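Note sheet for the following structure.
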Amino acid sequence: MLRPHKNCHQKMRARQIDYREWHHLFRQIPEELVESTRYYRHLNDAEWSKYLFPPSTHAVYGNRLLRKLKFDNSLASLRLWGFAMSEGERLYRARQSGYRVIAEMGDLGAVTPLVHSFPDTISFYPDCLWWTPFLMESHVLFNEAAEFGLGEDCCFVRAAIGGYSKRAYFPKPDLNIGVTGATCDDMAAVMSEIALSGDEIHWFELPHRSEDNFQYSKKFLAGEHKKLCNKMEELTGVKFSESRFNDVVDKVNRLRSLIKECKELTAADGLNPIGGIEMMNVEFSALSYYADLDECLSVIEDFRDMLKARVNAKEGYTGQDIKIIWVTPAADPILINYLEELGGRIAGSEYVINQVTSRIRKDCSPFEALAEAQLQGSLMGSSAFRAQLVLDEIERTKADGAIISGIFGSSHCPFETSIIIKAVREKGLPVLAFDTAQPGKVKLQSQIYNRMQAFMESIRISRSRYAG
Ligand code: SF4
């Protein structure tokens, strides 16, 4: 396959462009490259598996917000966007091709290596439908969730029950895995409604991470992975294989280290080398590999190469010089563009997915290794643990401030907002916290923009005072 970043197109100066410009630039991409950029390559390059398209194509398919976003102008980024946006289609293609499709809910990435170690099995996170109403500028999924009693006092993850009910966003899963125990009340409410509606769920219990008795938490969690393994054996009729598992772990560890490298490159001194939305797509690839681990590795490797080349050449976007740590992922990605428009860059993040960042060990039992990695999770222990993750990101990136995007009415991660604010302020850094507005709430959206503007101005003023 041609490597997109090697293409002559890459000689263009790094900048952010809109969907119209991508539409024109796309004509310069050689047809051979478009033809060869495919997922599920082992299915002999099935005609339907192409995924390199301009954002305008995804907008036509209903993701209307793309008409308003800013995109990085590299081919590696375009490939990443195409790969992430084709996940829904890929789940249906997987089903057509005889794969088992597993829905994982609530743990965001911790059980995926185990699930993927069974042959012809892929997984996805219905939780991730939370940004679909924003991307589609549509209330369909939220309205459907409201039919189940989940309204504006529940996190945007309620879109997941809308997806189950509509039966049009992903194929009916062969197995639903739902996390219970030390998990979020909002997601727990969503999963309970899914179960009450008749979709059977294999419950996976998450212990509270006991800092005093880490070994107990680890042993308990390893037992939950073993139970899930038994369930997968029963579902697939295939015995768990340690060698297949180790192959998957090698790839997952490789993916995690590529993502880490991308994060380090993003925080490098000098010009901002990449957009925050692209980096969010990179970080979220660690959850379920956008349902194709091999291709995901290739996409992220390509992206890393592009980033590295830019940083080495001191290339990047001009006018984005204030380093910000973004805490809790933005369900509405346009908020990230607002920050960039105001001169900010996302240098680091705490997107509640710390459970998919550490290397999975291979020198102990698979279940113990999975449990140990999972116990690094952002949300399964004290709030102080998560606040420390944010402080670590600030220190690593030498950030100028932090932004926390919350979710009105939600229980878990937003509950920690005041604790994180206090911790960041004690370090002497400014922090801005707001609730993300629902799609279509234009007045609230402009209030957020105004608050961000004031926040960025205050950072600039205190910087110039300090410099003076
Ligand atoms: S409130 Fe936070 S932890 Fe809970 S489902 Fe929403 S984003 Fe996840």
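Under this note's numbering, residues 33 to 500 are what the sequence shown spells out, in order. Every residue, glycine too, gets a C-beta built ideally from N, C-alpha and C. Given the structure is predicted, the values throughout are model-derived calculations rather than measurements.
Problem set entry | Secondary structure, beta strand (DSSP E): runs of 3+ residues fully inside the segment 375-443 | 376-382 and 433-438
Exercise. Regarding D139 and the ligand SF4, is the C-beta to nearest heavy atom distance less than 8 Å?
Worked result: no
For this session: Determine the direct distance from the alpha carbon of K82 to that of L411, and round the result to whole angstroms.
Result: 37 Å
Exercise. Can you find at least 3 beta carbon pairs, one from the segment 415-431 and one from the segment 265-275, that sit closer than 8 Å?
Worked result: no
For this session: Measure how close the beta-carbons of E372 and Q352 come, nearest whole angstrom, since I'm counting them as under 8 Å.
Result: 6 Å
Problem set entry | Run of the beta strand (DSSP E) containing S129, from where it starts to where it stops | No beta strand (DSSP E) holds S129; DSSP gives it neither H nor E.
Problem set entry | Contact test: S442 Cβ vs the ligand SF4 heavy atom, cutoff 8 Å | yes
Problem set entry | Beta-carbon spacing of K250, E400 below 9 Å | yes
Exercise. Is the closest heavy atom of the ligand SF4 to the C-beta of I435 under 8 Å?
Worked result: no
For this session: Just grab the DSSP bridge partners of F466 for me.
Result: S437
For this session: Could you tell me if the beta carbon of V388 falls within a distance shorter than 8 Å of some heavy atom in the ligand SF4?
Result: no
Exercise. Quick one: what's got a C-beta closer than 8 Å to I426's C-beta in the same chain, skipping five residues either side?
Worked result: I357, G380, A434, V456, K459 and L461
Problem set entry | C-alpha gap between L374 and T298, whole angstroms | 18 Å
Exercise. Any heavy atom of the ligand SF4 within a distance shorter than 8 Å of the CB on C187?
Worked result: yes
For this session: Using DSSP bridges, identify the partner residues of N304.
Result: Y349
For this session: Let me know the secondary structure DSSP gives D218 once reduced to three states.
Result: helix
For this session: Flag M44 as yes when its Cβ comes closer than 8 Å to any non-hydrogen atom of the ligand GDP, and as no otherwise.
Result: Ligands in the displayed structure: the ligand SF4; the ligand GDP is not one of them.
For this session: Report the option in L123, S229 and V222 whose CA atom is closest to the CA atom of P205.
Result: L123
For this session: Would you mind sorting G413 into buried or exposed? The rule is 16 or more other CB atoms within 10 Å of its CB.
Result: buried
Problem set entry | Local conformation of Y212 per DSSP, three classes | According to the sequence provided, residue 212 is Thr. The question's Tyr does not apply to it. Three-state result, T212: strand.
Exercise. Got a sec: is the Cβ-Cβ distance from M137 to anything in chain D below 9 Å?
Worked result: No chain D is present in this structure, which holds just one protein chain.
For this session: List the endpoints of the continuous alpha helix (DSSP H) containing I366.
Result: I366 to E373
Problem set entry | Neighbour-count burial assignment, D139, 16 or more Cβ in a 10 Å radius | buried
Exercise. Are P398 and F277 touching if we call contact CB-CB under 9 Å?
Worked result: yes
For this session: Under 7 Å Cβ to Cβ from N304, same chain only, skipping five residues before and after it: list those, please.
Result: G348, Y349, Q352 and R377
Problem set entry | Separation of M168 from Q485, as counted between CA atoms | 26 Å
Problem set entry | Distance, E256 Cα to N262 Cα | 10 Å
Problem set entry | Cα-Cα separation between L97 and D395, rounded to whole angstroms | 46 Å
Problem set entry | Pairwise C-alpha distance: L182 and E225 | 9 Å
Exercise. If you compare alpha carbons, which of N208, N245 and H240 is closest to A227?
Worked result: N208
Problem set entry | 7 Å CB neighbourhood of A78 in its chain, flanking five on each side removed | Y72
Exercise. DSSP three-state call for K82: helix, strand or coil?
Worked result: strand
Problem set entry | For K263, three-class secondary structure by DSSP | helix
For this session: State the start and end residues of the unbroken alpha helix (DSSP H) segment that holds H148.
Result: T144 to H148
Exercise. Alpha carbon to alpha carbon, how far is A135 from S155?
Worked result: 6 Å
Exercise. What are the boundary residues of the beta strand (DSSP E) that includes W358?
Worked result: I354 to V359
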